[in-house]
Amino acid sequence: MNAYRAKPLRYPWPPVLYLAGIIAAIMAGRLAALGPIPSPLPYLLPSIGFSIGLLAVTLDIWAVRTLMERLTPVFDTGCARHLVTCGPFRFSRNPIYLAYTLFTVALGFITGNVWFFVAATTALIVTRLLAIPNEERHLEARFGFDYESYRKRTRRWI
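When you number the sequence shown by full-length UniProt numbering, it's gap-free, plus one each residue, and the end is 158.
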């Protein structure tokens, strides 16, 4: 099968990685708590967390809706039908992964569990190494110059 028709991933790794990170952070927080995050006001960090969480959920819904409206698969296991450069994809080439990361960070602020920040960073790095290169190769093979132009004008994260 040629690169034009190849799927970027055989398995949707990023959601699994972030979910595994969240579960690991919960378990690590129970087994080896690193201590609460210091805060001058008891309600400040949870408020920040809920705000970041709301932003993350909104960004994720916006990105998924944009992909669905353009008849492009949401999961990385499907072949891209269109190069989506509108909606949140105008600002980030990976808004769904950004939303996953923000949501994991939000859980850290809400719970005061520092392990969520470790999980977010780890999942981000593994996603960057495992999923994103395959996706980019797929999009470059599929859309050529249009994808190159998009990649040059749009940052990967924000």
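Ideal Cβ placement from N, Cα and C applies to all residues, glycine included.
**Study point:** Length-filtered (3 minimum) beta strand (DSSP E) runs lying within the segment 95–144
**Key:** If only complete runs of 3 or more residues are kept, the segment 95–144 shows no beta strand (DSSP E) anywhere.
Check your understanding: For PRO42, which three-state DSSP category applies?
Key -> As a position in the sequence shown, residue 42 is number 42, starting the count at 1. In the structure shown, PRO42 sits in coil (DSSP, three-state: anything other than H, G, I, E or B).
Check your understanding: Roughly how many whole angstroms lie between the Cα atoms of LEU98 and GLY108?
Key -> Against the sequence shown, residue 98 aligns to sequence position 98. Against the sequence shown, residue 108 aligns to sequence position 108. Their Cα atoms are separated by approximately 16 angstroms.
Review point. Based on Cα-Cα distance, which residue from VAL57, ALA120, LEU59 and ILE110 lies nearest to PRO38?
Key: Counting from one through the sequence shown, the residue named residue 38 turns up at place 38. Nearest neighbour of PRO38 by Cα position, chosen from VAL57, ALA120, LEU59 and ILE110, turns out to be ILE110.
**Study point:** Whole-number beta carbon distance between LEU83 and ARG146, since they are thought to touch under 8 angstroms
**Key:** Locating residue 146 in the sequence shown gives position 146, where the first residue counts as 1. Locating residue 83 in the sequence shown gives position 83, where the first residue counts as 1. The question names Arg, but residue 146 is Asp in the sequence shown. About 5 angstroms separates the CB atoms of ASP146 and LEU83; that is less than 8 angstroms, so the two are in contact.
Practice item. Report yes if the C-beta distance between ILE22 and ASP60 is below 8 angstroms; otherwise report no. Key: Taking the sequence shown and counting its residues from 1, one reaches residue 22 at position 22. Taking the sequence shown and counting its residues from 1, one reaches residue 60 at position 60. The criterion of a C-beta distance shorter than 8 angstroms is not satisfied by ILE22 and ASP60.
Review point. What do you reckon, are the CB atoms on GLY87 and ALA56 nearer than 8 angstroms?
Key: Taking the sequence shown and counting its residues from 1, the one referred to as residue 87 is at position 87. Taking the sequence shown and counting its residues from 1, the one referred to as residue 56 is at position 56. Contact flag unset, no.
Check your understanding: What three-state label does DSSP hand GLY78 in the structure shown?
Key -> In the sequence shown, counting from the first residue as 1, residue 78 sits at position 78. Coil, per DSSP.
Review point. When the Cα atoms are used, what is the spatial distance from ARG30 to ALA141?
Key: For this step, residue 30 is matched to residue 30 along the sequence shown. For this step, residue 141 is matched to residue 141 along the sequence shown. Rounded to the nearest angstrom, the two C-alpha atoms are 46 angstroms apart.
Check your understanding: Taking C-beta to C-beta, are LEU45 and VAL114 nearer than 8 angstroms?
Key -> Here residue 45 is taken as the residue at index 45 of the sequence shown, counted from 1. Here residue 114 is taken as the residue at index 114 of the sequence shown, counted from 1. No.
Check your understanding: How many Å lie between ARG81 and TRP157 at the Cα?
Key -> Counted from its first residue, the sequence shown places residue 81 at position 81. Counted from its first residue, the sequence shown places residue 157 at position 157. Rounded to whole angstroms, the gap between the alpha carbons of ARG81 and TRP157 is 22 angstroms.
Practice item. Output the boundary residues of the alpha helix (DSSP H) element that contains TRP13. Key: Translated into the one-based positions of the sequence shown, residue 13 becomes position 13. Residues 13–31.
Check your understanding: By Cβ distance, which residues of its chain are closer than 6 angstroms to PHE143, with the 5 residues on each side in sequence left out?
Key -> The sequence position of residue 143 within the sequence shown is 143, counting from 1. Non-local beta-carbon contacts of PHE143 in its own chain, meaning distances under 6 angstroms to residues more than five positions away in sequence, involve LEU83 in chain order.
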